[in-house]
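Below: the structure, in structure tokens.
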Amino acid sequence: MSLKSTIFTSLVTLSLLMVYRTYSYTSPLAYTILAKFEKLEGKIKITQIDKGKVRVTGQFKKGFSDVNPDNYKILLGHESETFTDQGIKTKPPGTEPFNFIASGNAFALIDKSISITYKDVAIDQAIFLVSK
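Note that the sequence shown covers residues 1 to 132 in full-length UniProt numbering.
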């Protein structure tokens with residue numbers, strides 16, 4: 001009886017070890033960064049969901065008077081995209097909640113500045129910080 005118990009325990013341990021090794025390399029460490037915009041009363045949150053992929057979520061509550069999302073851009077470093085490019089809809093005085101997947105590395109954006117522009121004029125900016 002003791003031998004059967006030892007063999008069973010060994011097999012269970014081996015199985016758990018194999019499952020751990022298989023999934024520990026495929027599960028990314030999820031971390032989140034956050035940029036808070038004071039003038040626009042909003043935020044953009046970026047969560048690393050996979051190697052090279054991030055989920056971007058957010059909403060702004062004021063500062064948007066134009067219903068055309070093509071007139072608004074997100075400026076990050078030397079890159080900019082219109083709200084339309086990312087599916088962000090303006091609903092004056094703010095925006096609808098948004099959520100999209102993008103390629104990127106959230107860790108690389110820590111302490112980086114992000115701006116929201118209207119007709120290429122900055123209307124607010126924020127810094128990405130690690131979210132707690």
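For each residue, glycine too, the CB sits at the ideal point set by N, CA and C. Since the structure is predicted, the reported quantities are computational estimates derived from the model, not experimental observations.
Worksheet entry | Selection from Leu109, Gly94, Tyr31 that minimises the alpha carbon distance to Phe60 | Gly94
Worksheet item: Going by C-alpha distance, which of Lys119, Leu109, Leu34 is nearest Leu76?
Response: Leu109
Practice prompt. Would you mind stating whether Val67 and Thr90 have Cβ atoms separated by less than 9 Å?
Written response: yes
Item to complete: Look at Ile116 and Ile74 and say whether their C-beta atoms are less than 9 Å apart.
Response: yes
Worksheet item: DSSP state of Ala106, grouped into three classes?
Response: helix
Practice prompt. From the DSSP output, in three-state form, read off Lys112 for me.
Written response: coil
Worksheet entry | Option nearest Asp85 by Cα separation, candidates Leu40, His78, Ala102 | Ala102
Practice prompt. Might you give, ordered along the chain, the residues of its own chain that have their beta carbon closer than 8 Å to the beta carbon of Asp120, omitting 5 neighbours on each side?
Written response: Lys73
Discussion item. Less than 9 Å between the beta carbons of Thr32 and Lys53, yes or no?
Written reply: no
Worksheet item: Would you report the Cα separation of Leu40 and Lys51, rounded to the nearest angstrom?
Response: 31 Å
Practice prompt. Spatial neighbours of Pro28 within its chain, please: CB distance less than 8 Å, with the 5 preceding and 5 following residues excluded, ordered by chain position.
Written response: Residue placement at Pro28 is flagged as unreliable, the pLDDT there being 49, under the threshold of 50; the coordinate-derived value follows with that caveat. Closer than 8 Å at the Cβ level, and outside the excluded window around Pro28, lie Gln48, Ile49, Asp50, Lys51.
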